[in-house]
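Colleague: What follows is a single structure, and I will ask about it in a moment.
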Amino acid sequence: MNIGEMTLIELADNIKAGKVSSYEATKYYVDKCKEKASLNAVLEVFDDALDKAKEMDEKIKAGFKGKLAGVPVIIKDNILYKDKIASCSSKFLEKYVAQYNSTVVEKMLNEGAVIIARANMDEFAMGSSTENSAFGVTKNALDPTRVPGGSSGGSACAVAAGLAPVALGTDTGGSIRQPASYNGVVGIKPTYGRVSRYGIVAFASSIEQVGPLTKTVKDNAYMLEVLSGGSEHDETSLKIDVPDFLSQIKGSVKGMKIGVLKEIESMIGGLEVENAYRQALQYLKDNGAEIVDVSIPSFSLTLPCYYIIAPAEATSNLGRFDGVKYSRRSAEAKDIDEIYVISRSEGFGKEVKRRIMLGNFVLSSGYFDAYYNKAKKLQQKLKNEAKEAFAKCDVLLLPTTTGEAFKIGEKANDPVSMYKEDLFTIMANILGAPAISIPYGKGKNGLPLGIQIVADCLNEGLVYNVADFIEKGYRG
Amino acid sequence: MQDFDIVIGLEVHAELKTNSKVFCSCKNQFGQAPNTNCCPVCVGLPGALPVINKKAIELVIKAGLTMGCEINELAIFERKNYFYPDLAKAYQISQLVRPICLGGHIELKDKDVRLNRIHLEEDAGKLVHGTQAIGTLIDYNRGGVPLMELVTEPDITSADEAVEFLTKLRQKLIYAGVAECKMEQGGMRCDVNISVKPKGSDKLGQRTEMKNLNSFKSVYRAINYEANRQIEIIKNGGQIVQETRKWDDNHEKSISMRKKETSSDYRYFPDPDMLAVEIPREDVERIRKSLPLMPDQLKAKFINEYGLSEYESDILTKEKDLADYYNDVLSHYNQPKIVSNWILTEILNKVKDEESEEIKISPCDLAKILKLVEDKTVTRTNAKEMLTRVWENGEKVEALVKEFGGNVDEEALKTLVENIIKNNPKAVEDYKTSDTPEKVFRWFTGQVMKETRGKANAAKAEEYIRELLK
């Protein structure tokens, strides 16, 4: 079998068994990154990747058996890997070198991963098309005239285009699942707190999570186990045992209760994704699952809720990029106020500025109760509604996006229509619930569509089980 | 001034006495080389997250309990957003809606000053202004040092009361082990809110705020200056502008810093990186039980149990270090009155002479010397001399005893007494015939001490003299 055809688990097994060396695998993927540079999926291929692979081969020979021993991995550019640039695809951090390892990088390195490249993204993870990258748009892996989605567009494209067997993304409002859907790969946003955020450049701290993008559901479960686990550096990470997600994939959905949201039913008519969604439901039903009607009445308010909470946190999180310390300082600045104003005016892109202003507005005195507090109350209401819904079903089935990937430039000047890209994905972030997107069906141009499975917090196992079953049915 | 009431509220910051900073494991230590005591968290690197130091919360609870505050069952940390170069994250983690402590009061001589709250927050770094060529540099060592902020109600009405309040507060914090309050290191800083109103009026005047006063003297002067300034403006028909003013200690006046209209909106919101802190009642009770005696309680104990005067107790409890010293000496030599006398005279005189805080004799050594006086191994005069020698040269008490007393052996002392009596028949005669034989007796003991340069055991000497004069 060719290295590029192996799943993550197969590659890991082959490397451990000595059938493939880490060097061979790494060389293969590093070459692919270079060969497919025109996709602009990765911003930098690390020049020490091959050396690290050689070191890993020595360790494997000496008996090292990490879960990712010798396996090449790509990380999104907002994940800190010590001594490597982490730019968040922003001019502001173009030359910023990480001073320490994020918890997820540390965990992957402990399991023997070889991190080969950093992936393009929307600047500071704000966007749904990767068009907000300061370093150029990433192309859809399947159609270069189309966007790869975002903000983890580089990571999703990298996996779809075969630049790595696995890539890490971050998901604040669909930023893993939507690009996964657009590129035909699998991406999960784990339960909030399942994965430590230490060393992830923060956008909206209370709702974002790191998660893997992979070719298969099983690969995804395998990878999430590596990334999971509380960190003493992150109060919001959950200090609980990490389950063996793979073992929760049972190969059957018999007797499972699949929830259908009334609110989705009322929106989906005529959408490009409708057919795929209905077929997936039918498939589950045909295989012994019970379809249950449930309701989250405030579902349609998830989008406005998100666009208050996320910018509010973002505006505060991005304050540290002030030109004083490590970030870019404008050459024009003559005093401290100019350092702030000019550096930030030059350093941030349009969408980032828009969200900073939005966030400042909703937090400002006089508006705080009307916006931020109301959004937090709404979040609580949604959690209560979801609790009722999950009392009646094991998982919810939702589309990931309304349709297939759109054209580059198509929505670039229409922020609201861009925000609507996250219509179906944002709920999971607001709830803190685990949600996966898996490829299912094709759109009118033959490009992949995605189906989402959402479960109550900590039930990644249920998510993976259903996802794996759908994947088997779809791919045959 | 007598036509006006002055209304003062204080905001006091004190650095807490923890080993590490409030959100990271860097040391909480003053005086390190710039930017050597920092980590990703306290310099606000991307991706770094705060993790609360539970000890800091405990200390704020402790502070609150010494002042009768209510301890919130749930405390929340918020972000206070503003740009300033010493604030690495562009927000300070502080508390607005649910501070750790609510209410409470501090008793002054004539009144109770009510507290509004005490909360926990992080200190910022420090700007260091260099020459033109160097410009301004930033030292982040202080960034993330745990700080308690105490806010009073506007119950203070004079500079004297303000200083009395701060003195009491400082005493409590030091006694409870909450803070060291080293003002010269910025360990305690005070913001003063002040307004004036016509005497007896119940309508508050417009207030101004003076920030970061770092000595009681500055607070005192700043209040008097600012009250007078406001009174003069009102007398001349002017209006007070709500503003922040800077106190200039060198020129002894306040200068306008910024008007309220342009002041920042801090856009507080709960820090999403932090969990709300639950404070179980059992913990509060445990902390309450662990509280040491506060100065007022200790003073009462000294008066009632040790029989010290109000004056003595006052001095001994004013500074915790001195009270601790006193208690330490008592643990070796349980004579409260004698120990108090020595500390108040000999020890404090020496401290005063040297203009230093340090007591350069250990409690144990002082106790040893006092015991030697008690069993008359050394005279009081020689004991003082011994104390000086220990203080100045660090000599050992055991070695000094040989020089100053106890080493004239009994046979030699007996012979000496015999000789003195033999050589002074007139005195012997006087003793036997005098109306005041004790006076003559003292003359004899004086002779013995003179001959032995005070080293003789006075009790033994007296015994021999009495025997031979019979």
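Protein chains in written order, with our numbering: chain B, -18 to 457; chain C, 2 to 471.
Virtual Cβ for every residue (Gly too), placed ideally from N, Cα, C.
#1: Does any C-beta atom of chain C lie closer than 9 Å to the C-beta of ASN341(B)?
#2: Where does the unbroken beta strand (DSSP E) through THR209(C) begin, and where does it stop?
#3: Of the residues that make up the stretch 66 to 80 of chain C, which ones have a beta carbon closer than 9 Å to any beta carbon in chain B?
#4: Please report the straight-line C-alpha distance between GLY131(C) and ILE139(C), rounded to a whole angstrom.
#5: Shorter than 9 Å from the beta carbon of ARG301(B) to some beta carbon of chain C?
#6: Under the three-state reduction of DSSP, which class applies to LEU128(C): helix, strand or coil?
#7: Contact defined as beta carbons within less than 8 Å: I believe ASN91(B) pairs with THR119(B). What is the distance between those atoms, to the nearest angstrom?
#8: In terms of alpha-carbon separation, which member of GLU36(B), VAL86(B), LEU359(B), GLN80(B) lies closest to LEU46(C)?
#9: Counting only Cβ pairs nearer than 7 Å, list the residues of chain B close to ALA91(C).
#10: Measure from the C-beta of ALA115(B) to each C-beta in chain C and report whether the shortest distance is under 9 Å.
#11: Determine, using beta-carbon pairs with one atom in the stretch 15 to 26 of chain B and one in the stretch -16 to -2 of chain B, whether at least three such pairs fall under 8 Å.
#12: Run through DSSP, which three-state label would CYS182(C) get?
#13: For GLU104(B), would you say it is in contact with chain C, using Cβ-to-Cβ distances shorter than 9 Å as the test?
#14: Beta-carbon of LYS88(B) versus every beta-carbon of chain C: anything under 9 Å?
#15: Is it true that the CB of VAL449(C) sits closer than 9 Å to the CB of ALA486(C)?
#16: Secondary structure at VAL429(C), three-state DSSP: helix, strand or coil?
#17: Does the CB of VAL444(B) have a neighbour CB from chain C at under 9 Å?
#18: Can you round the beta-carbon distance between ASN194(C) and GLU210(C) to whole angstroms, since I take them to be within the 8 Å contact cut?
#19: Closest to LEU66(C) by C-alpha separation, out of VAL278(C), CYS102(C), LYS18(C), would be which residue?
#20: Within the 9 Å Cβ cut-off, does CYS286(B) reach chain C?
#21: Indicate whether at least one CB of chain C lies closer than 9 Å to the CB of GLU327(B).
#22: Would you say VAL242(C) and ALA163(C) are within 9 Å of each other, going by their C-beta atoms?
#23: Which one of ALA416(B), ILE55(B), ILE41(B), SER281(B) has the shortest CA to CA distance from CYS138(B)?
#24: Quick one, are the C-beta atoms of LEU50(C) and THR217(B) less than 9 Å apart?
#25: Measuring only the C-alpha atoms, how far is TYR321(B) from LYS315(B)?
#26: State buried or exposed for ALA277(C), treating a residue as buried only when at least 16 other CB atoms are found within 10 Å of its CB.
#27: The alpha helix (DSSP H) with ARG127(B) in it runs from where to where?
#28: Keeping to the same chain, check which residues put their C-beta closer than 8 Å to that of ASN73(C); ignore five residues upstream and five downstream.
#29: Measure the Cβ-Cβ separation of GLY130(B) and GLU319(B) and say whether it is below 9 Å.
#30: Which residues, in order along the stretch 269 to 292 of chain C, keep a beta-carbon less than 7 Å from a beta-carbon of chain B?
#31: Can you list, in chain order, the residues of its chain whose CB lies under 6 Å from that of ARG467(C), leaving out five sequence neighbours each side?
#32: In this structure, how does DSSP classify ASP315(C) when only helix, strand and coil are distinguished?
#33: Does the structure place the stretch 230 to 249 of chain B close enough to the stretch 368 to 385 of chain B that three or more beta carbon pairs sit under 8 Å?
#34: Among SER341(C), LYS471(C), MET275(C), whose alpha-carbon lies nearest the alpha-carbon of ILE24(C)?
#35: Closest by CA to GLU320(C), which one among LEU128(C), ARG118(C), CYS182(C), SER21(C)?
#36: Where DSSP assigns a beta bridge to GLU320(C), which residues make up the other side?
Modeller: The answer reads as follows:
#1: yes
#2: 209 to 214
#3: ARG80
#4: 10 Å
#5: yes
#6: Residue state, collapsed to three classes: strand.
#7: ASN91(B) to THR119(B), Cβ: 29 Å. No contact.
#8: When each option's Cα is compared against that of LEU46(C), the closest is GLN80(B).
#9: GLY300, ARG301, ASP303
#10: At least 9 Å separates the CB of ALA115(B) from every CB of chain C.
#11: no
#12: coil
#13: Chain C contact via Cβ: absent.
#14: no
#15: In the structure displayed, chain C extends from 2 to 471; residue 486(C) sits before or after that span and is not available.
#16: helix
#17: Interface residue (Cβ-Cβ distance to chain C less than 9 Å): VAL444(B) is not classified as such.
#18: About 5 Å; that satisfies the 8 Å criterion.
#19: The residue with the shortest Cα to Cα distance from LEU66(C) is CYS102(C).
#20: No, its Cβ sits nowhere closer than 9 Å to a Cβ of chain C.
#21: Chain C contact via Cβ: absent.
#22: No, the pair does not count as a contact, with Cβ atoms beyond the cut-off.
#23: ILE55(B)
#24: yes
#25: 10 Å
#26: exposed
#27: Looking at the DSSP string, ARG127(B) is not in any alpha helix (DSSP H), and its letter there is neither H nor E.
#28: The residues ARG99, PRO100, ILE101, CYS102, LEU103, ILE280, in chain order, have a CB closer than 8 Å to that of ASN73(C) in the same chain once the five nearest residues on each side in sequence are set aside.
#29: Not in contact: GLY130(B) and GLU319(B) (Cβ atoms no closer than 9 Å).
#30: PHE270, PRO273, ASP274, MET275, LEU276
#31: none
#32: helix
#33: yes
#34: Per the sequence shown, residue 24(C) should be read as Phe rather than Ile. Nearest C-alpha to PHE24(C): MET275(C).
#35: The shortest C-alpha separation from GLU320(C) is found at CYS182(C).
#36: Answer is none; GLU320(C) lacks a bridge partner.
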